[in-house]
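Residue numbers (our numbering): 1 to 221.
Ideal Cβ positions, reconstructed from N, Cα and C, are used throughout, including at glycine.
Comments concern the structure below.
Shown next as structure tokens:
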């Protein structure tokens, strides 16, 4: 049952509606790529004004969780769409032309989470994890060394072939095959020097300066 709080101690009404819509997304009521009910229907469901619903949807659209399409309605955003695929990573050629990242799988292994990984992913030390290492190329140049860690329990059946077949971001693979949609990310950036292993992979010299980005991606909630 959808419940709204009217006490002044609680968040604004549109934010409560935003939470209720997000809960419906978490529960799978509306899946990526599907349309959600109209503002009129949602207003009737939640017993609020259409303006309140509209404000909640606008907020979710600004966060790229929902997408408005003129004349068609509002849809749940999906990483399958070109403009969403590289939501957390945008690269453009010098001439402004569109070009997607290509990837090559270096290794795919099963391991156990150490203290650092367990803290990042909020899992217990020793939890089974998949470790994926890839090199991503842009304009035929090796540009990114991609080191990905995901819990096995959330991605059962993930294997080398599925990763090899998926070019670019893995977010759409998570979404279409495992029902897991990443909607936000927290990042930490720092400058590092290339060690011999990374230098060879990226075709740079030892000790060359590199940008390291540690990203933890989150689903709804």
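With distances taken from CA atoms, which of the options is nearest residue i?
i: residue 214; options: 186, 16, 170; result: 186
i: residue 128; options: 204, 149, 134; result: 149
i: residue 179; options: 212, 155, 12, 56; result: 155
i: residue 102; options: 212, 146, 113, 126; result: 146
i: residue 33; options: 27, 175, 124; result: 175
i: residue 63; options: 22, 44, 40; result: 22
i: residue 157; options: 142, 110, 28; result: 110
i: residue 171; options: 160, 161, 184; result: 184
i: residue 220; options: 13, 20, 12, 11; result: 20
Check the DSSP bridge columns for residue i and list the partner residues they point to.
i: residue 185; result: 217
i: residue 77; result: Looking at the DSSP assignment, residue 77 forms no beta bridge with any residue, so it has no partner.
i: residue 137; result: 102, 142
i: residue 192; result: 210
i: residue 20; result: Note: residue 20 sits in no beta bridge, so no partner.
i: residue 197; result: Per DSSP, none; premise fails for residue 197.
i: residue 110; result: 130
i: residue 69; result: 73
i: residue 150; result: 130
i: residue 35; result: 75
Output the distance between the C-alpha atoms of residue i and residue j, rounded to the nearest integer angstrom.
i: residue 31; j: residue 25; result: 7 Å
i: residue 71; j: residue 38; result: 12 Å
i: residue 210; j: residue 47; result: 53 Å
i: residue 59; j: residue 18; result: 8 Å
i: residue 173; j: residue 143; result: 22 Å
i: residue 204; j: residue 159; result: 30 Å
Pop quiz: residue i and residue j are said to be a contact at Cβ under 8 Å. What is the actual Cβ separation, rounded to whole angstroms?
i: residue 66; j: residue 74; result: 5 Å
i: residue 68; j: residue 61; result: 5 Å
i: residue 121; j: residue 151; result: 6 Å
i: residue 49; j: residue 43; result: 6 Å
Can you confirm whether the region 177-194 touches the region 128-142 when touching is taken to mean that 3 or more C-beta pairs between the two stretches lie within less than 8 Å?
no
Counting pairs of beta carbons, one from the region 192-206 and one from the region 164-171, are three or more of them closer than 8 Å?
no
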